[in-house]
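The structure under discussion appears below in the form of structure tokens.
Number of protein chains: 2
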Amino acid sequence: MKKRISWLLSVLLIAMSAAFAQAADPLPSWNDMASKKAIVAFVEKVTTPGSPDYVRPAERIATFDNEGTLWSEQPMYFQLFFAIDRVKALAPQHPEWKTREPFASVLKGDLKTALKGGEKALAQIFMATHAGMTTTEFENIVKDWVARARHPKTNRLYTGMVYQPMLELLAYLRSKFFKTYIVSGGGIEFMRPWTEAVYGIPPEQVVGSSIKTKFEMRDGKPVLVRLAELDFIDDKEGKPVGINAHIGRRPIAAFGNSDGDLQMLQWTMAGQGARFALLVHHTDGEREWAYDRDSHIGCLDKALDEANAKGWTVVDMKNDWKRIYPDQ
Amino acid sequence: MKKRISWLLSVLLIAMSAAFAQAADPLPSWNDMASKKAIVAFVEKVTTPGSPDYVRPAERIATFDNEGTLWSEQPMYFQLFFAIDRVKALAPQHPEWKTREPFASVLKGDLKTALKGGEKALAQIFMATHAGMTTTEFENIVKDWVARARHPKTNRLYTGMVYQPMLELLAYLRSKFFKTYIVSGGGIEFMRPWTEAVYGIPPEQVVGSSIKTKFEMRDGKPVLVRLAELDFIDDKEGKPVGINAHIGRRPIAAFGNSDGDLQMLQWTMAGQGARFALLVHHTDGEREWAYDRDSHIGCLDKALDEANAKGWTVVDMKNDWKRIYPDQ
């Protein structure tokens with residue numbers, strides 16, 4: 182009985198601290214402007230019991246793109262930095278790479294030439310570095326890289342280049358019993374090893390691009406081997422497909438930053454009841470990067486037009502966000 | 182302030198009722214025998230703080246096969262009854278089926294002849310009834326069927342043929358902060374429309390076999406169209422692959438009933454720390470069906486040998502379960 186009472190007391194304490202936390206501003210890194218107001222207004226109306234727009238907790242699904250929405254993506258997707266580092270690490274086991282493109286140019290540090298082969302070259306680099314090992318081995322490789330590798334321009338750890346205002350937004354939504362998902366064009370197994378620690382998003386709430394895996398017995402122990410065979414591309418038209426495959430419910434809120442997110446936002450907004458769509462517009466060339474319609478990475482063109490036409494929320498990073506990265 | 186206090190009170194009330202519920206037997210339909218004892222012992226040791234086998238809540242993943250583990254599967258998988266009912270419903274739109282196999286025999290009620298074409302015939306029946314519509318249309322078709330169709334032998338709704346002891350087990354695990362998943366060879370979109378109401382398992386925690394879907398704009402509205410193209414078979418070696426793709430963590434407990442579940446159980450047991458594997462053995466020809474090594478549906482042969490060799494828990498339905506179905 183004593184044990185039960187102390188348990189009840191701790192439940193009460195947790196409940197009280199939650200009640201006090203509610204009083205504080207849940208989005209302190211957001212300036213008090215239209216974007217923040219739109220977010221809070223949406224969350225209030227779908228979570229307030231009795232509201233005509235009330236949504237029960239189980240249906241509160243929010244999906245977030247990763248690259249350019251939760252962390253930076255310039256001058257190229259961080260997963261490509263990872264792949265290049267892996268080519269260098271694996272080179273001793275592949276003497277033939279010295280004379281074979283795209284590897285030869287990667288090893289010389291000439292990425293421009295390496296990527297002249299377009300998608301085929303990119304696929305070769307990715308398969309050579311992402312396939313052939315077990316899922317457990319790959320997880321450890323990613324964990325190791327994420328803990329050490331640094332961005333060439335900012336010298337930060339890549340996981341230090343996540344957006345503080347978006348971390349607050351994720352936590353705010355979860356405090357209101359939303360389930361927060363990543364729906365990214367990036368590799369699902371490249372994200373899962375660190376999303377829980379960095380974003381509070383567990384592996385089962387990460388949707389991404391994938392290669393096939395195969396169940397095998399090795400020395401009497403079951404393993405999953407990563408095959409050099411594309412399984413699914415979770416980008417553009419693929420995002421609603423990935424959402425349906427993994428979640429099986431339509432999100433009520435979606436967050437992106439590029440034309441690659443347009444279909445996810447359209448799919449989200451086409452559901453019944455209150456809905457929310459937001460685009461992060463990269464307008465801060467000083468604290469981060471400024472790019473949109475003409476960028477090769479994170480091109481924001483058609484989605485920006487549609488956001489303007491339909492009144493979706495567009496975050497102006499320079500003016501909406503007090504800071505960009507957690508350490509700024 | 183008044184509002185906050187009443188909220189705290191309701192939190193306290195919920196906490197108190199949870200505390201009292203703990204005192205009652207969480208598995209009343211299980212006889213007090215080895216299977217029940219093994220389940221409770223495992224759950225206690227992984228959830229008791231300070232236990233050397235303690236597992237934090239986020240890692241408490243439990244996966245359940247569906248057919249033969251959570252609901253019956255005789256004289257054939259219930260999804261095949263659904264497909265046959267759909268062939269009949271769609272026949273007026275397909276006059277050519279009158280003379281084309283396997284449809285002609287299905288329409289004559291001669292399933293034996295219809296299925297003589299083996300897997301090819303089965304695939305034709307499935308694709309003709311599961312593809313071609315949008316995901317929303319298919320969801321409504323399934324919901325409608327599940328609400329009305331009845332099993333030819335028991336005359337019960339199919340969702341009335343779920344196992345009461347397993348419903349209790351699912352609820353017991355969730356009360357201990359396990360996340361319960363279905364990992365089934367059945368169609369993922371065939372299960373999702375009713376698993377939340379019947380099992381308390383939300384759509385995002387259902388893993389199953391799938392066909393491909395395609396994003397399309399129809400009259401300016403986005404839809405996902407179900408294509409007559411196989412995407413993934415979530416059976417045998419496919420189960421660990423499906424678990425990895427959807428969950429991204431290894432379960433600590435897995436529940437099955439046939440050789441189709443063997444690899445899922447092997448994958449689960451190969452992880453570090455305390456693990457639990459259970460097979461439901463269909464031994465009750467009176468209240469349900471009795472079958473194992475020689476059955477075409479739900480064959481339990483190799484998995485039974487491995488369970489015996491490795492000391493996995495094997496449920497003897499006849500002796501372990503006080504009742505089978507909720508209405509018994």
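These protein sequence lines are chains A and B, in that order.
Count the first sequence with the working numbering and you get residues 182 to 509, in order.
Count the second sequence with the working numbering and you get residues 182 to 509, in order.
By construction, the Cβ of each residue, glycine as well, lies at the ideal position given by its N, Cα and C atoms.
Put simply, the CB of L459(B) is far from chain A, with every gap to its CB atoms at 8 Å or more. Counting only runs of at least 3 residues, the region 457-492 of chain B fully encloses the following beta strand (DSSP E) elements, listed from N- to C-terminal order: 457-464. DSSP, read as helix, strand or coil, puts G452(B) in coil. Rounded to whole angstroms, W470(B) and R267(A) show a C-alpha spacing of 55 Å. Neighbourhood of V422(A) in chain B, by CB distance below 7 Å: T394, F396 and L405, in chain order. Under the three-state reduction of DSSP output, R267(B) falls in the helix class. The beta carbon of S286(B) lies closer than 6 Å to those of T294 and A295 in the same chain, with the five residues before and after it left out.
If you check each beta-carbon in the region 265-299 of chain A against every beta-carbon of chain B, none falls closer than 7 Å. Here the region 243-252 of chain A lies against the region 433-444 of chain A, with 3 or more beta-carbon pairs under 8 Å apart.
Within the region 418-453 of chain A, the runs of alpha helix (DSSP H) that reach at least 4 residues and sit entirely inside it are, in chain order, 419-427 and 443-450. Nearest CB-CB separation between K357(B) and chain A: not below the 8 Å threshold. Put simply, of W326(A), F457(A), K417(A) and T464(A) the residue whose alpha carbon is nearest the alpha carbon of G441(A) is K417(A). About 11 Å separates the beta carbon of F358(A) from that of A243(A), a gap too long to meet the 8 Å contact definition.
Going by beta carbons, Y506(B) and G341(B) fall inside the 8 Å limit.
The secondary-structure analysis by DSSP pairs T394(B) across a beta bridge with R407(B). Burial state of K217(B) is buried, judged by a 10 Å Cβ sphere holding 16 or more other Cβ atoms. Each of D501(B), T315(B), H332(B) and R331(B) was checked against the Cα of K393(B), and the nearest Cα belongs to T315(B).
With a threshold of 8 Å between beta carbons, G367(A) makes no contact with chain B. For P383(A), the neighbours in chain B by C-beta distance under 7 Å run, in chain order, A239. Contact check for H332(A) and G368(A): beta-carbon distance about 18 Å, past the 8 Å limit, so the pair fails to qualify. Close to N321(B), with beta-carbon spacing below 8 Å, lies no residue of chain A; the smallest spacing is near 14 Å. Among the residues of chain B, those whose CB is under 7 Å from the CB of A426(A) are S391, following chain order. The Cβ atoms of L459(B) and E349(B) lie no closer than 8 Å to each other. Taking C-beta separations shorter than 8 Å and ignoring five residues to either side along the sequence, the partners of M372(B) in its chain run N247, I363, S365, V387 and G389, following chain order.
Q447(A) and A309(B) have their alpha carbons spaced roughly 29 Å apart. For W326(B), no chain A residue has a Cβ inside 9 Å of its Cβ, as the nearest lies near 18 Å away.
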